[in-house]
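J.:
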Amino acid sequence: MKKEVSVEVHNLTATYGGRPVLWDIDFSLPAGQIIGIIGPNGSGKTTLLKAIMGILEPSSGYVKVFDKPLDEVRERVAYVPQRESVDWDFPASVFDVVMMGRYRKSNLLKRTNKADVEIVEKSIEKVGLTEFKNRQISQLSGGQQQRVFIARALAQKADIYLMDEPFVGVDAATESSILSILQEMRKEGKTVLIIHHDLQTVSEYFDYLVLLNTRLVAKGTLQEVLTKENLSNAYGGQLTLLAKVVDIIKKTEFPIREKDVDL
Amino acid sequence: MKIINEMNDLFIILTASLVAINASVLGVFLVLRKMSMMGDAISHSVLPGIVVAYYFSGDRTSPLLLLGATITGVLTAVLIDWLSSKAKIQNDASIGITYTLLFALGMIMISGWFSGNVDIDLDCVLYGDIALINLDKVIVDENLYLGPSAFLIELSATVIVLLFVFFGFRGFKLLAFNEDFGLSLGMNMNRWHFVMMGLVSLVTVVSFEVVGAVLVVGFLIIPAATAHLLTNKLIPMIFWACGLGVIAVIIGFYLAVWLNVSYTGAMVTVSGLLFFTVVLVVVLRKKRLSGEYLH
Ligand SMILES: Nc1ncnc2c1ncn2[C@@H]1O[C@H](COP(=O)(O)OP(=O)(O)OP(=O)(O)O)[C@@H](O)[C@H]1O
Ligand SMILES: [Mg+2]
Chain S
21 MKKEVSVEVH NLTATYGGRP VLWDIDFSLP AGQIIGIIGP NGSGKTTLLK AIMGILEPSS
81 GYVKVFDKPL DEVRERVAYV PQRESVDWDF PASVFDVVMM GRYRKSNLLK RTNKADVEIV
141 EKSIEKVGLT EFKNRQISQL SGGQQQRVFI ARALAQKADI YLMDEPFVGV DAATESSILS
201 ILQEMRKEGK TVLIIHHDLQ TVSEYFDYLV LLNTRLVAKG TLQEVLTKEN LSNAYGGQLT
261 LLAKVVDIIK KTEFPIREKD VDL
Chain V
10 MKIINEMNDL FIILTASLVA INASVLGVFL VLRKMSMMGD AISHSVLPGI VVAYYFSGDR
70 TSPLLLLGAT ITGVLTAVLI DWLSSKAKIQ NDASIGITYT LLFALGMIMI SGWFSGNVDI
130 DLDCVLYGDI ALINLDKVIV DENLYLGPSA FLIELSATVI VLLFVFFGFR GFKLLAFNED
190 FGLSLGMNMN RWHFVMMGLV SLVTVVSFEV VGAVLVVGFL IIPAATAHLL TNKLIPMIFW
250 ACGLGVIAVI IGFYLAVWLN VSYTGAMVTV SGLLFFTVVL VVVLRKKRLS GEYLH
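Sequences listed follow chains S and V, in order.
Its first residue numbered 21, the first sequence is counted upward by one per residue in my numbering.
Its first residue numbered 10, the second sequence is counted upward by one per residue in my numbering.
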C-alpha cells in the first residue's frame with residue numbers, strides 16, 4: 021500500500037522580529053494517523069501550526085497539504101487554536117461558535133442553512149455538549165470550552181485537523197473522551213496533528229511524533245523518536261527529565277495494548 | 010412659530026439618534042475587539058482630512074469632503090497597524106502617537122496655512138453644534154422640506170453601516186472573536202479590519218459637525234460597553250446598544266433644554282450615567298448572589 025502524505029513542510033524558517041523561531045524545518049507526515057508535535061516551551065510548536073495554516077507568513081520555505089498548496093485545499097483542513105487565544109467573554113453561545121466551523125469564503129455573506137444547522141448539532145452532540153448548546157461560552161468550564169473548539173473543527177468536515185494543545189486544562193474524563201473522538205476520526209481515515217505537552221502520555225496517544233526545538237530534532241514512529249539522545253537534544257539534559265525519559269522509553273518498548281481498545 | 014420650533018427639536022433628536030445608532034452598532038465591535046481607543050484615534054485624526062477636503066470643495070457637506078476625511082481615517086488605521094506590527098511599537102503608543110500627530114497637523118492647517126480660506130473653526134470640529142443643524146435645510150421643488158442636510162447625511166450613513174453589518178456579520182464576528190480562525194479559513198481578515206475602520210471613519214466624519222470629534226467617542230463606546238454588561242448575545246447586544254444610545258439622546262435633549270446647557274454634552278452625560286447605573290446594579294447583584302452563597 022502506498023503511504024499517502026498529509027502535510028509536507030519544506031525548508032521552513034519563521035522569525036519574530038528577526039529572531040528565528042523555526043529554523044529550516046523539513047518533513048513530511050503520513051496521512052490517517054494521530055500525530056503528536058512535542059517540544060519544550062517556546063520551541064516553536066504553535067508557530068509551526070500557524071505557518072502550516074498560513075496564519076503566519078514564513079520567512080522562507082513552503083508548505084503543502086495533500087500535495088497541493090494550502091489555498092487549494094483549505095476546506096479539507098481544520099484548525100483548533102490554543103484555548104487561551106480567544107476571549108471567552110465574547111457574547112456567543114456554544115451553537116454560535118460551532119457554527120463558525122461552517123463558515124466558508126463562499127458563504128461568508130450568507131445566512132445559515134438547514135444542512136449547516138444539522139451538522140453543527142451533530143458536532144455538538146459528538147463532544148457531549150448538547151445540553152449546553154444554548155449556554156453562553158463564558159459560562160462553561162475550561163474543559164467544556166475546549167470541547168466547543170473541537171466541535172467547531174468537527175463541523176468543518178475536514179480531512180486533516182491541526183490542534184494546539186487540546187488537552188490542556190481538561191480533566192481525566194474529558195481527556196479520554198477527546199481521545200476517543202480522535203481515535204474515531206482516525207478510523208474514518210482522518211489525519212490529526214496535535215501539539216502535546218505531557219511526555220507521560222505521548223506513547224499512549226500518538227502513532228507518530230515530531231520532536232521540535234526551533235529545529236526539527238526528530239520525527240518518526242514512537243520508537244524512532246523517543247530515544248534518550250533525541251529527548252536530551254530537545255529538552256536539554258536535566259536529571260529529573262532524563263529519569264522520566266527512561267520511563268517513557270520503557271513504556272514504548274512494552275506498549276500497553278489494552279489502552280487502545282477500551283477507553 | 011411654535012410648530013417650527015417643535016419641528017427643529019424633532020430633527021435635532023432624530024439626527025442625534027441616528028448618530029447614536031451608527032456609533033453604537035460599530036462600537037459593539039470595537040468594544041468586543043478591545044479597540045475602544047481606535048475610535049478615539051480615528052475621530053481625532055480625520056481633522057486634517059476634513060480641512061484639506063474642505064479647502065478644495067469649499068462646502069462642509071460635499072461628498073468629496075466626506076470621502077477625503079474618511080480616507081484619512083482609514084490611513085490612520087493603516088499607520089497604527091504598521092507601527093505596531095512592523096515597527097514593533099507598543100499598540101497603545103502607536104495609537105497615541107499617530108492620532109495626536111495627525112490632529113496637531115489639522116490644528117496647524119486651520120490656524121495657519123488655510124486660515125482665511127477655510128471657514129471652519131476648531132471649536133466646531135471638536136464640539137460640533139447640533140443646535141445649528143437646522144440652518145442648512147434641504148428643500149426639493151421649492152416647498153417639499155426633506156429635513157436638515159445633516160439629518161439626511163446621517164441617514165445615508167445609517168443605511169451604509171446597517172448594510173455592511175448585515176451582510177458582513179460573519180466576517181465582523183470572526184474578526185472580533187477569533188481572527189486566527191478566520192485566517193485559517195483563508196479569509197482576508199485585514200480586509201475586514203479595514204472595512205470596519207472605514208465605517209468607523211465614515212461615522213465619525215459625518216457626525217463631526219453634529220456632535221464633534223470629542224463626543225462621538227462617547228457615542229461609539231459608552232452604549233456598547235453598557236450593552237455588554239446587560240446581555241451575552243451578540244445581536245441583542247447590538248440592539249441594546251442602539252436602544253441605550255437613543256434613550257440617552259432623548260433624555261439628554263430634554264435635560265439640556267431644562268438646564269439650558271449643551272445638547273450633546275447632556276446626551277453623553279446621560280449615556281455615562283446610564284453606564285454607571287448599570288455597573289452599580291451588576292456589582293450589587295453579584296455581591297448579593299455571593300452573599301447568599303456564604304450564608
Ligand atoms: N507574537 C509573537 N511575537 C514575538 N515573539 C513571539 C510571538 N509569538 C511567539 N513568539 C516567540 O516565538 C517562540 C516560539 O513560540 P511558540 O508559541 O511557537 O512556542 P510553543 O512551542 O508553542 O510554546 P508553548 O509550549 O509555550 O506553547 C517563543 O520564544 C516566543 O517567545
Ligand atoms: Mg504554543
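Virtual Cβ for every residue (Gly too), placed ideally from N, Cα, C.
Apply the 10 Å Cβ neighbour rule to S/Asp218 and answer buried if 16 or more other Cβ atoms are within range, or exposed otherwise.
T.: For the purposes of this step, residue 218 of chain S is identified with residue 198 of the first sequence, where counting begins at 1. Result: exposed.
J.: Under 9 Å between C-beta atoms, does V/Pro245 make it to chain S?
T.: As a first step, residue 245 of chain V must be located in the second sequence, where it is residue number 236. By this cut-off, V/Pro245 is an interface position.
J.: Quick one: which chain S residues come within Cβ less than 9 Å of V/Asn241?
T.: Taking the second sequence and counting its residues from 1, the one referred to as residue 241 of chain V is at position 232. The answer, in chain order, is Asp109, Phe110, Pro111, Ala112, Ser113, Gln156, Ile157, Ser158, Gln159.
J.: Under the three-state reduction of DSSP, which class applies to S/Asp136: helix, strand or coil?
T.: In the first sequence, residue 136 of chain S corresponds to position 116, counting from 1. DSSP places S/Asp136 in helix when its eight states are reduced to three.
J.: So, under 8 Å CB-CB, V/Ile51 and V/Ala86 are touching, yes? Tell me the CB distance rounded to an integer number of Å.
T.: Counting from 1 along the second sequence, the entry for residue 51 of chain V is found at position 42. Counting from 1 along the second sequence, the entry for residue 86 of chain V is found at position 77. Confirmed, Cβ separation roughly 7 Å.
J.: Below 9 Å between beta carbons is the criterion; list the residues of the segment 26–54 of chain S that meet it against any residue of chain V, in chain order.
T.: Residues passing the 9 Å Cβ filter: Gly37.
J.: Which chain V residues are close to S/Arg94, counting only those with a beta carbon under 9 Å from its beta carbon?
T.: On the first sequence, residue 94 of chain S is found 74 positions in, with the first residue counted as 1. Here the neighbours are Ser193, Leu194, Gly195.
J.: Pull every residue with its beta-carbon under 5 Å away from any heavy atom of ligand 1, and keep them in chain order.
T.: Taken from the N-terminal end onward, the list reads S/Tyr36, S/Val41, S/Asn61, S/Gly62, S/Ser63, S/Gly64, S/Lys65, S/Thr66, S/Thr67.
J.: If you measure from the CB of S/Glu185, is any heavy atom of ligand 2 nearer than 8 Å?
T.: Position 165 of the first sequence, counted from the start, is the residue given in the question as residue 185 of chain S. Answer for S/Glu185: yes, Cβ within range of ligand 2.
J.: Identify, in the order they occur along the chain, each residue of the same chain with its Cβ nearer than 8 Å to the Cβ of V/Leu211, setting aside the five sequence neighbours on each side.
T.: The count along the second sequence starts at 1 and reaches residue 211 of chain V at position 202. Result list for V/Leu211: Leu75, Thr79, Gly82, Ala166, Ile169, Val170, in chain order.
J.: Determine the direct distance from the alpha carbon of S/Ile55 to that of S/Pro78, and round the result to whole angstroms.
T.: Here residue 78 of chain S refers to the residue found at position 58 of the first sequence. Here residue 55 of chain S refers to the residue found at position 35 of the first sequence. One C-alpha to the other measures close to 22 Å.
J.: Between V/Met10 and chain S, is the shortest Cβ-Cβ distance under 9 Å, so that the two count as touching?
T.: As a first step, residue 10 of chain V is located in the second sequence; it is residue number 1 there, counting from the start. At V/Met10, the pLDDT of 48 sits below 50, so the modelled position is not reliable and the matter cannot be decided from this model.
J.: Curious, which full-length alpha helix (DSSP H) runs of at least 4 residues does the segment 46–73 of chain V contain?
T.: For the segment 46–73 of chain V, whole alpha helix (DSSP H) runs of length 4 or above, ordered along the chain, are 56–66.
J.: So which residues on chain S does V/Gly252 lean against when the C-beta distance must stay under 7 Å?
T.: Residue mapping note: residue 252 of chain V aligns to position 243 of the second sequence, counting from 1. Correct list: empty, because the minimum Cβ distance to chain S is about 16 Å.
J.: Whose Cβ in chain S lies nearer than 8 Å to the Cβ of V/Asp90?
T.: Start at 1 with the first residue of the second sequence, and residue 90 of chain V comes out as number 81. Result: empty, since nearest Cβ-Cβ is about 15 Å, beyond 8 Å.
J.: Along the chain, where does the beta strand (DSSP E) containing S/Ala238 start, and where does it finish?
T.: Translated into positions along the first sequence, residue 238 of chain S becomes position 218. S/Ala238 -> beta strand (DSSP E) spans 235–240.
J.: At a Cβ threshold of 9 Å, is S/Arg167 touching chain V?
T.: Walking along the first sequence from the start, residue 167 of chain S turns up at place 147. No, S/Arg167 lies away from the interface with chain V (no Cβ there is under 9 Å from its Cβ).
J.: Cα-Cα, which of V/Cys133, V/Ile106, V/Glu15, V/Ile244 is closest to V/Val60?
T.: Translated into positions along the second sequence, residue 60 of chain V becomes position 51. Checked all of V/Cys133, V/Ile106, V/Glu15, V/Ile244; the closest Cα to V/Val60 is V/Cys133.
J.: So, V/Gly137 versus V/Ser54, is the Cβ gap smaller than 9 Å?
T.: The count along the second sequence starts at 1 and reaches residue 137 of chain V at position 128. The count along the second sequence starts at 1 and reaches residue 54 of chain V at position 45. No. Outside cutoff.
J.: According to the neighbour-count rule (16 or more other Cβ atoms, all chains shown, within 10 Å of its Cβ), is S/Asp282 buried or exposed?
T.: In the first sequence, counting from the first residue as 1, residue 282 of chain S sits at position 262. Residue confidence for S/Asp282 is low, a pLDDT of 43 falling below 50, so the modelled location carries little weight and cannot support an answer.
J.: How do the segment 45–64 of chain S and the segment 104–124 of chain S stand: do at least 3 beta-carbon pairs fall below 8 Å, yes or no?
T.: Short answer: they don't touch.
J.: Only counting the same chain, and skipping five residues up and downstream in sequence, which positions put a Cβ closer than 8 Å to that of S/Glu278?
T.: Here residue 278 of chain S corresponds to residue number 258 of the first sequence, with the count starting at 1. With a pLDDT of 45 at S/Glu278, under the threshold of 50, the modelled position of that residue is not reliable, and the figure given next carries that caveat. Nothing meets the Cβ criterion.
J.: When every heavy atom of ligand 2 is checked, does at least one fall within less than 8 Å of the C-beta of V/Ile361?
T.: In this structure chain V extends from 10 to 304, so residue 361 of chain V is not present and cannot be described.
J.: Are the CB atoms of V/Phe178 and V/Ile21 nearer to each other than 9 Å?
T.: As a first step, residue 178 of chain V must be located in the second sequence, where it is residue number 169. As a first step, residue 21 of chain V must be located in the second sequence, where it is residue number 12. No. Outside cutoff.
J.: From what residue to what residue does the beta strand (DSSP E) around V/Ile244 run?
T.: Numbered from 1 along the second sequence, position 235 holds the residue referred to as residue 244 of chain V. Element bounds for V/Ile244: not the beta strand (DSSP E) but the alpha helix (DSSP H), 243–268.
J.: Quick one: what's S/Leu213 bridged to in DSSP?
T.: Taking the first sequence and counting its residues from 1, the one referred to as residue 213 of chain S is at position 193. According to DSSP, which records beta bridges pairwise, S/Leu213 is partnered with S/Ile55, S/Leu182.
J.: Taking the beta carbon of S/Tyr36 as the centre, do at least 16 other beta carbons fall within 10 Å, making it buried, or is it exposed?
T.: Here residue 36 of chain S corresponds to residue number 16 of the first sequence, with the count starting at 1. When all chains shown are included, S/Tyr36 counts as exposed.
J.: Grouping DSSP H, G and I as helix and E and B as strand, with all else coil, what is V/Gly300?
T.: Here the question's residue 300 of chain V lines up with position 291 in the second sequence. In the structure shown, V/Gly300 sits in a helix (DSSP, three-state: H, G or I).
J.: Taking Cβ positions only, does V/Gly227 come closer than 9 Å to chain S?
T.: Here the question's residue 227 of chain V lines up with position 218 in the second sequence. False, the Cβ-Cβ gap to chain S never drops below 9 Å.
J.: Please list the terminal residues of the continuous alpha helix (DSSP H) segment that includes V/Pro232.
T.: Within the second sequence, residue 232 of chain V is the residue found at index 223, counting from 1. Its alpha helix (DSSP H) spans residues 198–239.
J.: Return no unless some Cβ of chain V is closer than 9 Å to the Cβ of S/Met205.
T.: Against the first sequence, residue 205 of chain S aligns to sequence position 185. Taking Cβ atoms only, chain V never reaches closer than 9 Å to S/Met205, which makes this a no.
J.: For the alpha helix (DSSP H) that contains V/Asp101, what are its first and last residues?
T.: For this step, residue 101 of chain V is matched to residue 92 along the second sequence. Its alpha helix (DSSP H) spans residues 100–117.
J.: Between which two residues does the beta strand (DSSP E) carrying S/Gly81 extend?
T.: In the first sequence, residue 81 of chain S corresponds to position 61, counting from 1. Start and end: 80–85.
J.: Using a Cβ-Cβ distance cut-off of 9 Å, determine whether S/Met120 contacts chain V.
T.: Reading the first sequence from its first residue, position 100 is the one you call residue 120 of chain S. Yes, contact with chain V.
J.: Given S/Ser80, which residues of its chain have a CB within under 6 Å of its CB, disregarding the five upstream and five downstream residues?
T.: If you number the first sequence from 1, residue 80 of chain S lands on position 60. Hits under 6 Å: Thr33.
J.: For the putative contact between V/Cys1 and V/Val34, defined by C-beta atoms under 8 Å, what is the C-beta separation to the nearest angstrom?
T.: The structure shown does not extend to residue 1 of chain V, since chain V is modelled only from 10 to 304, so the question has no answer here.
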